[in-house]
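Heads up: the sequence shown runs through residues 5 to 255, numbered per the numbering used here.
First up is the structure itself, then whatever we jot down about it.
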Amino acid sequence: RKGVTDTPSIASMVSQLKQHRFRPRPLGTVVALVFTALFTGLGVWQLNRAQEKEGLSSAFEAQRALAPLNLVTDRVDIATHQYRDATVRGAFAKDHQIYVDNVVFDGRPGYEVFTPLRLETAGEFVLVDRGWVPQGETRGDLPSVPVPEDTVTVEGWLDHPRSMPVIVAGEVPAGDAVWPHLDVDALASRLGSALPRYVVHATPPEGSGLHQKSPEFSAKTGMHIGYAIQWFAFAAVAAGTYVAVNLKRRA
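This is the structure in structure tokens:
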């Protein structure tokens, strides 16, 4: 019975289509092809981004599950070891501690405290993010973050240095402790020694007043898939509109 009721409907549609002819214009065809291809390409790109983020999320979970690296004996490849836990023994270069300004933590403004650490045996340096401290009562009231005098063991996790601003208003202050942004090359020049292209985000000692962010990675694959569906829908609308506009009833 269902097939009997459907047959006239399909036949009617075919009959109506026969009463029309497809007469596309060259300019409209070109425009439709361009937009359909563009929207489809953007949809595929979003799907690829979702797949890429899934891979990065898996790599993040894998690094978090591994044993900590020893920065004195193990070689670090930050492209591979990003987010990996690490431990290192050495002495802080207290004269080269800097405060990176305008860093927000839990909605509060403050400073990120960076101090180079000389490795215990190698004599080389690594850059340690000791944590975040809130601003003082006034801009001129710089928080006091004491630097241990003795050799210490630092435990934390590895990451790339924070990207420098696209527009940099002047160079970092030559002798000031407060910097507008982290500039690893400038700090290495002041230190007189090379610094590797990674940062150790240290776990702050209890009662130090320092706060540290936790390693996290949000893949947001659902967002990319949603955008892909949106772009594919736009491609379908562009193609459908092209067909509808150029389907003319026969005289």
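Virtual Cβ for every residue (Gly too), placed ideally from N, Cα, C.
Asked                                                                                                                                                         : Found
For the candidate residues E141, R27, G127, T40, whose alpha-carbon lies nearest to that of V241?                                                             : T40
Comparing C-alpha positions only, which one of A181, W183, A198, V182 sits nearest to G189?                                                                   : The question names Gly, but residue 189 in the sequence shown is Asp. The residue with the shortest Cα to Cα distance from D189 is A198.
Looking at D133 and E116, is the spacing between their C-beta atoms short of 8 Å?                                                                             : yes
Which runs of the alpha helix (DSSP H) fall wholly inside the stretch 18–71 and span at least 4 residues, in chain order?                                     : 30–69
Rounded to whole angstroms, what's the CA-CA distance from G226 to A54? Just pull it up for me.                                                               : 8 Å
F221 to Q67, Cα distance in whole Å?                                                                                                                          : 12 Å
Does F118 come out as helix, strand or coil in the three-state DSSP assignment?                                                                               : strand
Report the rounded CA-to-CA distance for R25 versus F236, giving the unit in angstroms.                                                                       : 27 Å
In whole angstroms, give me the CA-to-CA distance for A33 and L60.                                                                                            : Just to set this straight, residue 33 is Thr in the shown sequence, not Ala. Cα-Cα distance, rounded: 40 Å.
Could you pull the DSSP bridge partners for I102 from this structure?                                                                                         : F118
For L37 and T44, I'd like the C-alpha separation in whole angstroms.                                                                                          : 10 Å
Applying the criterion that 16 or more other CB atoms from any shown protein chain within 10 Å of the CB defines a buried residue, is G135 buried or exposed? : buried
Do you know how far the Cα of V156 is from the Cα of A95?                                                                                                     : 6 Å
Just curious, the alpha helix (DSSP H) that T245 is in, first and last residue?                                                                               : 225–250
Enumerate, from N- to C-terminal direction, the unbroken beta strand (DSSP E) stretches of 3 or more residues contained entirely within the stretch 170–222.  : 203–206
What is the rounded straight-line gap between the Cα of R93 and the Cα of L75?                                                                                : 8 Å
Would you give the residue range spanned by the alpha helix (DSSP H) that T84 belongs to?                                                                     : 82–85
Hey, how far is the Cα of P208 from the Cα of Y103?                                                                                                           : 16 Å
Here's the rule I'm using: 16 or more other beta-carbon atoms within 10 Å means buried, otherwise exposed. How should D89 be labelled?                        : buried
Who are the Cβ neighbours of A243 in its own chain at under 6 Å, not counting the five residues just before and after it?                                     : T40
Let me confirm a value: A83 is counted as buried when at least 16 other C-beta atoms fall within 10 Å, else exposed. Which label applies?                     : exposed
Inspect the beta-carbon positions of V80 and L131 and report whether they are closer than 8 Å.                                                                : no
Quick one: what's got a C-beta closer than 6 Å to K98's C-beta in the same chain, skipping five residues either side?                                         : V151
Express the C-alpha separation of H85 and I229 in angstroms, rounding to a whole number.                                                                      : 28 Å
Measuring alpha carbon to alpha carbon, tell me which residue in D105, L70, P28, A126 is nearest D145.                                                        : D105
Please say whether E58 and A232 have beta carbons closer to each other than 8 Å?                                                                              : no
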